[in-house]
Structure formats: C-alpha cells, structure tokens
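Asks: Numbering (our numbering), first residue to last: 11 to 125.
Each residue gets a CB set at the ideal place from its N, CA and C atoms; glycine is no exception.
Supplied in structure tokens, the structure appears directly below.
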C-alpha cells in the first residue's frame, strides 16, 4: 500500500508543519490501519502499542490544549489496556538449577549416600 503525500496548497506552501499536527495526522493514520484489518485477522499488538506511544507523546507536548492533553492521556490508558490484553502470558519462572537438583534428591555418581 502506498501513501500519497499531503498535497501542498498555496495557504500551506512554505509554512512548517508543527509537531502537534504531525502527531495527530500520524495517529489518525495508525488508527485507521488498526481498524482496517482483514476478515478473521487478529488485531496487531505492535500497531496498538505504537498508537499508545503516539498518544503519550502528543499528551506530553508543552503547547497542547489541556482538553486534548486529557483526551490523549485517557486514550493512551485505553490503548495500553488493549496491548496488555493481547500480549501472550509470561512464561513461568524456572527454578534455579541447584533448587531443582535439591528437590529431586540428586546425588552425583560414584558418591555413596550416607545413611
């Protein structure tokens, strides 16, 4: 899929885009890709994680409107919950090697057991 660049109009020619605008545009793009998955295709955890990070970055901008900041913080929390729910469960912690040997009553070969 190719993405066409944003056309430059006379009103925006030569004007630098601010970071707020770029972050909002990228968020809208990422969210539309997240929702446009194929039939039976599971949601992408990595994409949800990127959306959450972009929302956090937007909320941290010093010049952002307080209402937009609060909205981004709330949405970041919701996307973090989506990511957490989709992550595979952590692998069970393994016991240290010595603890496993002691648990099974391991005795080295050739050493008589005192008894």
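Compute the Euclidean distance between the alpha carbons of residue 88 and residue 107, then round it to the nearest angstrom.
Replies: 40 Å
Asks: Closest by CA to residue 86, which one among 99, 101, 33, 64?
Replies: 64
Asks: With a cut-off of 8 Å, do at least 3 Cβ pairs link the region 48-56 to the region 91-109?
Replies: yes
Asks: Looking at the secondary structure, which residues open and close the alpha helix (DSSP H) in which residue 56 lies?
Replies: 55-69
Asks: Name the two residues that bound the continuous alpha helix (DSSP H) containing residue 52.
Replies: No alpha helix (DSSP H) holds residue 52; DSSP gives it neither H nor E.
Asks: When we look at the beta-carbon of residue 28 and count the other beta-carbons within 10 Å, is it buried (16 or more) or exposed?
Replies: By the neighbour-count definition (other C-beta atoms within 10 Å, threshold 16), residue 28 is an exposed residue.
Asks: Which word fits residue 32, buried or exposed, when buried means at least 16 other C-beta atoms lie within 10 angstroms of its C-beta?
Replies: exposed
Asks: Can you find the residues in the same chain that come closer than 7 Å, C-beta to C-beta, to residue 82, ignoring five residues on each side of it along the sequence?
Replies: For residue 82, same chain residues with a beta-carbon under 7 Å away, outside a window of 5 residues either side, are 65, 68, 69 in chain order.
Asks: Mind reading off the beta-carbon distance from residue 38 to residue 61? Whole number of angstroms is fine, and I expect it under 8 Å.
Replies: The Cβ separation is near 10 Å, so there is no contact.
Asks: Closer than 8 Å by C-beta to residue 34: which residues in its own chain qualify, once you throw out the five before and the five after it? Chain order, please.
Replies: 68
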